[in-house]
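Novice:
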Amino acid sequence: MKIYDFHAHIYPEKIAQKAVEGVGNFYNIKMNENGTVNRLLELGDEAGIDRFIVHSVATGARQVQSVNDFISETVKEHPDRFVGFGTIHADFEGKCDEIERMISLGLSGVKIHPDSQHFNVDDPRMFEVYDSIQGRLPILVHCGDYRYDYDSPWRVRNVLDNFPKLTFIAAHFGGWSVQDLAAEYLLDTGCYLDCSSSMMYLGAKRSKELIRMYGAERFLFGSDYPMWNPGSELERLHSLGLTEEEIILMTHTNAEHILYGK
Numbered sequence: 247m248k249i250y251d252f253h254a255h256i257y258p259e260k261i262a263q264k265a266v267e268g269v270g271n272f273y274n275i276k277m278n279e280n281g282t283v284n285r286l287l288e289l290g291d292e293a294g295i296d297r298f299i300v301h302s303v304a305t306g307a308r309q310v311q312s313v314n315d316f317i318s319e320t321v322k323e324h325p326d327r328f329v330g331f332g333t334i335h336a337d338f339e340g341k342c343d344e345i346e347r348m349i350s351l352g353l354s355g356v357k358i359h360p361d362s363q364h365f366n367v368d369d370p371r372m373f374e375v376y377d378s379i380q381g382r383l384p385i386l387v388h389c390g391d392y393r394y395d396y397d398s399p400w401r402v403r404n405v406l407d408n409f410p411k412l413t414f415i416a417a418h419f420g421g422w423s424v425q426d427l428a429a430e431y432l433l434d435t436g437c438y439l440d441c442s443s444s445m446m447y448l449g450a451k452r453s454k455e456l457i458r459m460y461g462a463e464r465f466l467f468g469s470d471y472p473m474w475n476p477g478s479e480l481e482r483l484h485s486l487g488l489t490e491e492e493i494i495l496m497t498h499t500n501a502e503h504i505l506y507g508k
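Counting in our numbering, the final residue of the sequence shown is number 508, and the numbers go up one at a time with none missing.
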């Protein structure tokens, strides 16, 4: 049984330090790792994590294709360890053509981060993307931040209502720093969620409550590397007091269902 980490960012070696510093500044936190491919593989070996869903974000439209090329090339170098998600931007011309190119590159999904990309998750310019990928590719979306409105839970709900066949993964318990608000909008939907960058803030009791409120069959384990050490985050998940069945759903079964239809 493979263990999947569904939320890991990687960067080219030559820009990794600058990229990681930028993320740390955006959240005003100390980053724990360096964002390189080799370090992620090393941490995965140490923790017994078999496969990472890896991605990066194009903060501007001009970066989209280079990011997608980098993720694709990295996955081809490590096909047994990485599954790649491409990125897209609302300002990018030819978004649906780029989705088709992602598929031709062997990418298995899409990742967006509306807060750092500066567009609303329910921006009508993104509707052609959602329509194009629903039933074909999953999309992992950074959701929620008390400082911004780009991906507030109500905007996420708007996307889900308009694209009911979309396999949508709402990161950070559906709303980083606004997880309780997220539950109001997302509890009765069919979206998945991941537990990245949240358990340490929510605490074990609330994390467990929310996982069971939604159901472990909707949750994915994710570390948000390089923000956190994947092994430490896996240990944190195991410390919540969930059942073995719930852990298996979050670290294996749900990921395989999303990626491979198993």
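The C-beta atom is built at its ideal place from N, Cα and C for all residues, glycine as well.
It should be emphasised that the depicted structure is a prediction, and the values quoted were computed from it without experimental measurement.
Nearest-angstrom Cα distance between Asn280 and Lys454?
Specialist: 29 Å
Novice: Measure the beta-carbon distance from Val310 to His335 and round it to whole angstroms, keeping in mind my assumption that it falls under 8 Å.
Specialist: 5 Å
Novice: Since Ile317 and Gly332 should fall inside the 8 Å C-beta cutoff, what is the C-beta to C-beta distance between them, to a whole number of angstroms?
Specialist: That belief holds up - the Cβ atoms of Ile317 and Gly332 are roughly 6 Å apart, short of 8 Å.
Novice: Which runs of the beta strand (DSSP E), 3 residues or longer, sit entirely within the region 429-477?
Specialist: 438-440
Novice: Going by DSSP in three states, Ala416 sits in which element: helix, strand or coil?
Specialist: strand
Novice: DSSP beta-bridge partners for Ala254?
Specialist: Beta-bridge pairing links Ala254 to Val300, Tyr471.
Novice: If the criterion is Cβ atoms closer than 8 Å, does the pair Tyr431 and Arg403 meet it?
Specialist: yes
Novice: Comparing alpha-carbon positions, which option in Ser444, Gly507, Ala462 lies nearest Asp470?
Specialist: Ser444
Novice: Go ahead and label Tyr392 buried or exposed: buried means 16 or more other beta carbons lie within 10 angstroms of its beta carbon, across all protein chains shown.
Specialist: exposed
Novice: For Leu289, which residues in the same chain have their Cβ closer than 8 Å to its Cβ, ignoring the five residues on either side in sequence?
Specialist: Glu279, Ile295, Tyr471, Asn475, Pro476, Gly477
Novice: Going by DSSP, what residue range makes up the beta strand (DSSP E) through Leu509?
Specialist: Nothing about residue 509 can be reported from this structure: the residues present for the chain run from 247 to 508 only.
Novice: Relative to the C-alpha of Asp440, which candidate in Val405, Tyr396, Ile493 has its C-alpha closest?
Specialist: Ile493
Novice: Please identify the residue among Leu495, Val387, His359 whose C-alpha is closest to the C-alpha of Thr305.
Specialist: His359
Novice: Give the straight-line distance between the Cα atoms of Ala429 and Gly381, rounded to the nearest whole angstrom.
Specialist: 24 Å
Novice: Quick one: residues in its chain with C-beta nearer than 7 Å to the C-beta of Asp397, no 5 flanking neighbours on either side, listed in chain order?
Specialist: Cβ neighbours of Asp397 beyond the five flanking positions: Pro360, Asp361, Val367, Val387, His388, Cys389, Gly390.
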